[in-house]
Amino acid sequence: MTFSVEKDEGIRELGLDEADILEKVGMACIEYTGCPYECEISLTLTDDDRIRLMNRDMRGIDSATDVLSFPMLEFDSPGDFSGVGEAYADCFNPDTGELMLGDIVISTDHAAIQAMEYGHSVLREFSFLIAHSMLHLQGFDHIEPDDEEIMNKAQEEILNRLDIRR
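Residue numbers for the sequence shown follow the numbering used here, so the first one is -11 and each next one is one higher.
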């Protein structure tokens, strides 16, 4: 598995080992869905200004947000990797053979503020954002109430397994 982290200059520091957290939470999410592939995931840490521009340009929403997910695959069912090999041959890194699952962008400004607002640690908030985004990269969504319930349950189970609690 390849987990990479890039930090924009001048961002708010969270006082965490973001690469370690990405790897631990990312692996837990991949194990949760039973993904049969070695994967590659990239994380960019940025500020509210940059994520607002990305949100505007990619989603047409001109406001800052906590996390954006850019999946490489589309799924018929969340976490169902059964048709990935043939349909997404171009999503495998030719050098490593790993499935390029997608990219995550987190605003460290939002992560710090939300941790305070929700009354839990920055570690919990950052881990939650990683789990949330990793599930999006694996086809989970929260648009419909039933899907939101499934995704919320998955997030909590993953974080509880890692003993990262509210």
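Every residue, glycine too, gets a C-beta built ideally from N, C-alpha and C.
Any idea which residues DSSP pairs GLU28 with across the strands?
For the purposes of this step, residue 28 is taken as residue 40 along the sequence shown, with counting starting at 1. Answer by DSSP bridge pairing, in chain order: THR(-10) and MET88.
Tell me the start and end of each unbroken alpha helix (DSSP H) in the region 1 to 69 that is at least 4 residues and wholly inside, in chain order.
Counting only unbroken stretches of 4 or more residues, the alpha helix (DSSP H) elements lying wholly within the region 1 to 69 are 6 to 21 and 36 to 47, in sequence order.
Since ILE49 and SER115 should fall inside the 8 Å C-beta cutoff, what is the C-beta to C-beta distance between them, to a whole number of angstroms?
Translated into positions along the sequence shown, residue 49 becomes position 61. Translated into positions along the sequence shown, residue 115 becomes position 127. At roughly 25 Å, the Cβ-Cβ gap does not stay under 8 Å, so ILE49 and SER115 are not in contact.
Starting from the Cα of GLY127, find the closest Cα among VAL13, THR21 and LEU4 and give me that residue.
By one-based count along the sequence shown, residue 127 stands at place 139. Nearest option by C-alpha distance: THR21.
How big is the Cα-Cα spacing for VAL(-7) and THR34?
Residue numbering aside, residue -7 sits at position 5 when the sequence shown is read from its first letter. Residue numbering aside, residue 34 sits at position 46 when the sequence shown is read from its first letter. Rounded to whole angstroms, VAL(-7) to THR34 spans 11 Å at the Cα level.
What runs of the beta strand (DSSP E), each 3 residues or longer, lie entirely inside the region 124 to 149?
none
State the Cα-Cα distance for the pair GLU62 and SER121, rounded to the nearest angstrom.
The residue labelled residue 62 in the question sits at position 74 within the sequence shown. The residue labelled residue 121 in the question sits at position 133 within the sequence shown. Between GLU62 and SER121, the C-alpha separation is close to 14 Å.
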